[in-house]
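Inspection log for the structure reproduced underneath, given as structure tokens.
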Amino acid sequence: MAVIIEFSLIPLGEVSVSKYIAEAIKLLEEKGVKYQLTPMGTIIEVGSVEEGLKIVGEAHELMFKLGVKRVVTHIKIDDRRDKERKMEDKVKSVIEKVKK
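Going by UniProt numbering, the sequence shown opens with residue 1, and the numbers climb by one from there.
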């Protein structure tokens with residue numbers, strides 16, 4: 001089963017955060033994590049909540065390694081266990097209903 005996690009990293013004290021988010025995306029790519037970048041956060045698809053929290057934690061810690069003094073990280077977890085589905089399935093379901 002896939003767990004879908006949306007998270008946003010907010011390096012406080014910075015006006016432009018794109019350089020920090022780019023480094024977090026590089027981390028996801030190095031780890032081979034399936035992700036979708038959005039204007040307000042990043043969505044990842046992983047095998048378990050534990051795996052996802054570990055990855056988000058690493059991205060959070062990365063901000064400090066990049067010199068940020070304070071970081072706020074928001075996390076939303078979608079853990080559905082009654083059937084297999086992917087990130088794209090959720091979007092496809094809504095689009096199909098819009099077209100009806």
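Where a beta carbon is used, it is the ideal one built from N, C-alpha and C, also for glycine.
Quick caveat: nothing in here was measured; it's all calculated off a predicted structure.
- Within the model, the alpha-carbon separation for Y20 versus I10 is close to 9 Å.
- Excluding its 5 nearest sequence neighbours in each direction, I44 has C-beta neighbours in its own chain below 7 Å: I5, L28, V33, K34, Y35, G52 and I55, listed in chain order.
- Taking 8 Å as the cut-off, the Cβ atoms of A24 and R85 do not count as close.
- D79 and S48 have their C-alpha atoms spaced approximately 8 Å apart.
- Ranking E14, E50 and S8 by CA distance to the CA of G67 puts E14 first.
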